[in-house]
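Anchor point for the sequence shown: position 304 equals 290 in our numbering, and the numbering is continuous, going up by one each time.
Everything below concerns the one structure shown next.
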Amino acid sequence: MSSTTKLAVPNVVLQSSFSMPVIGFGTASETNDGDTVKAAALEAIKLGYRHFDTASCYGSEQALGEAIAEALKLGLISSRDELFITSKLWLSDNHPHLVLPALQKSLQNLGLEYLDLYLVHCPMSAKPEIRKFFYKEDEFVPFDLKGVWASMEQCHNLGLTKSIGVSNFSTQKLEDLLSFATIPPAVNQVELNLSWQQRNLREYCKAKGIMVTAYSPLGANGTSWGSNDVMDSEVLKHIAHVHGKTIAQVSLRWLYEQGVTFAVKSYNKERMKQNLEIFDFSLINDDYQKINQIKQERKVKNGPAGFDVADLLWDGEN
């Protein structure tokens, strides 16, 4: 495999009128190493990835920014405008007066003048002075969605982000947001894969013009929250064999055929390339009949806390 082989990725048009590549390259890792992230992002750009997903809590913004600068220097891209960069507002900054400073900090980390998409990471807030990934129950404070969203709209109006959206929002929380939003969310990024298909949420978002982006699209096998339900599925193994594809390619193709986008993370060069090779085949009716029988179970049960926050993030729907 030549690392210089570049594959084309189609775009979708968000209701904000901006185009977003269907496939995003994820940079979240429980063992983040800046040099590893930078090298992987550079390789991803060489292969054809143009959408990169990061967040303030991932610790990968600076490394991604260095990769972008290096790609420009090497001529892998001619302009930053060729890339679509997503970052997210963390719980400790999820307060109206902290949204703009948090975005400005992310831009500083990335070395960029604007984001393409800025997301409210979760519909919950933590005490501003406490910044970490896992919170105790008494470290959460009431979430001012209306105030936070007004500040997100301000960021958009200032030109610091082209689009704004949310992550981990249920249909009920989206309904609340849409009741007062002047600028509706362009994207809702949620856990979505073949073992957690989120049918109700997808249908709702489609009706409201909100693009769904899937995280953990392959089940996040190897992480503390993920499972091997997708990658070890006998059903998917059979479908993949019939099409001469990998289980990952079948899984990502299914997402693409549902009209959703996704952020996939692998730092293995061959798998990075394979994850782009999903546009030369289609699933058939027999595949869908088998896929519809896959047991459904949400993987992210504890979210950004040490206790079960499922009631805060989801409505128990699927």
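We put the CB at the ideal spot given by N, CA and C, even for glycine.
**Q.** Straight-line Cα distance separating Leu160 from Ala113
**A.** Position check: residue 113 holds Lys in this sequence, whereas Ala was assumed. Separation of Lys113 and Leu160 (C-alpha to C-alpha, rounded to the nearest whole angstrom) is 23 Å.
Q. Considering only residues of the segment 140 to 168, which uninterrupted beta strand (DSSP E) runs meet the minimum length of 3 residues and lie entirely inside it, listed in chain order?
A. Entirely contained in the segment 140 to 168, the beta strand (DSSP E) runs reaching 3 residues are, in chain order, 147 to 153.
Q. First and last residue of the beta strand (DSSP E) that includes Ala73?
A. Sequence check: residue 73 is Ser here, not Ala. Counting along the chain, the unbroken beta strand (DSSP E) around Ser73 starts and ends at Phe70 to Leu75.
Q. In whole angstroms, what is the alpha-carbon distance linking Asp130 and Thr157?
A. In this model, Asp130 and Thr157 are separated by some 18 Å (Cα to Cα).
(Q) Less than 8 Å between the C-beta atoms of Asp338 and Gly20, yes or no? (A) One cannot answer for residue 338 here, as it falls past the ends of the chain, which runs -13 to 304.
Q: Name the two residues that bound the continuous alpha helix (DSSP H) containing Ser237.
A: Residues Ile233 to Glu243.
Q) Is Phe63 helix, strand or coil when you go by DSSP? A) Reading the sequence as shown, one finds Ile at residue 63 and not Phe. In the displayed model, Ile63 falls within coil according to three-state DSSP, outside both helix and strand.
Q) At a cut of 8 Å, does the segment 70 to 86 reach the segment 109 to 129 through at least three beta carbon pairs? A) At 8 Å Cβ cutoff, the stretches touch.
Q: Run the CB neighbour count on Phe70, radius 10 Å, all protein chains shown included, and call it buried at 16 or more, exposed below.
A: Buried is the call here.
**Q.** Spatial distance of His229 from Asn95 (CA atoms)
**A.** His229 and Asn95: Cα-Cα distance of roughly 42 Å.
Q | Separation of Ala49 from Cys191, as counted between CA atoms | A | Each residue's alpha carbon lies about 32 Å from the other.
Q: Measure the Cβ-Cβ separation of Ala(-6) and Gly45 and say whether it is below 8 Å.
A: 8 Å or more divides the Cβ of Ala(-6) from the Cβ of Gly45.
(Q) Less than 8 Å between the C-beta atoms of Val152 and Leu164, yes or no? (A) Annotated as distal: Val152 and Leu164, with beta-carbon spacing of 8 Å or more.
Q. Alpha carbon to alpha carbon, what distance is there between Pro109 and Ser219?
A. Approximately 32 Å, taken between the alpha carbons.
Q: Reducing DSSP to helix, strand and coil, say where Gly392 ends up.
A: Past the boundaries of the shown model lies residue 392; the chain is included only from -13 to 304, so the question cannot be answered.
**Q.** DSSP three-state assignment for Asp297, whether helix, strand or coil
**A.** Residue placement at Asp297 is poorly supported in this model, since its pLDDT is 41, which falls under 50; the coordinates still yield a value, given next. Residue state for Asp297 is assigned as helix, using DSSP reduced to three classes.
Q. Are there 16 or more other CB atoms within 10 angstroms of the CB of Phe267, so buried, or fewer, so exposed?
A. Exposed: under 16 other Cβ atoms inside 10 Å.
Q: Take Leu144 as the anchor and find which of Pro171, Gln183, Val106 and Leu101 has the nearest alpha-carbon.
A: In terms of CA proximity to Leu144, Leu101 leads the group Pro171, Gln183, Val106 and Leu101.
Q: Sort Lys32, Gly195 and Ser237 by Cα distance to Asp215 and report the nearest one.
A: Nearest C-alpha to Asp215: Ser237.
Q: State the Cα-Cα distance for the pair Ile54 and Lys251, rounded to the nearest angstrom.
A: Distance between the alpha carbons of Ile54 and Lys251 is about 17 Å.
Q: Keeping to the same chain, check which residues put their C-beta closer than 6 Å to that of Val(-1); ignore five residues upstream and five downstream.
A: For Val(-1), the CB contacts under 6 Å within the same chain, skipping 5 residues up- and downstream, are Ser5 in chain order.
**Q.** Contained alpha helix (DSSP H) runs [length at least 4] in the segment 72 to 123, N- to C-terminal order
**A.** If only complete runs of 4 or more residues are kept, the segment 72 to 123 shows the alpha helix (DSSP H) at 85 to 96, in order along the chain.
Q: For Phe155, count neighbouring Cβ atoms within 10 angstroms of its own Cβ and tell me buried if that reaches 16, exposed if not.
A: Flag for Phe155 reads buried.
(Q) Taking 7 Å as the cut-off, is the beta-carbon of Met197 closer than that to any non-hydrogen atom of the ligand FAD? (A) Looking at this structure, you won't find the ligand FAD or any other ligand, since it has none at all.
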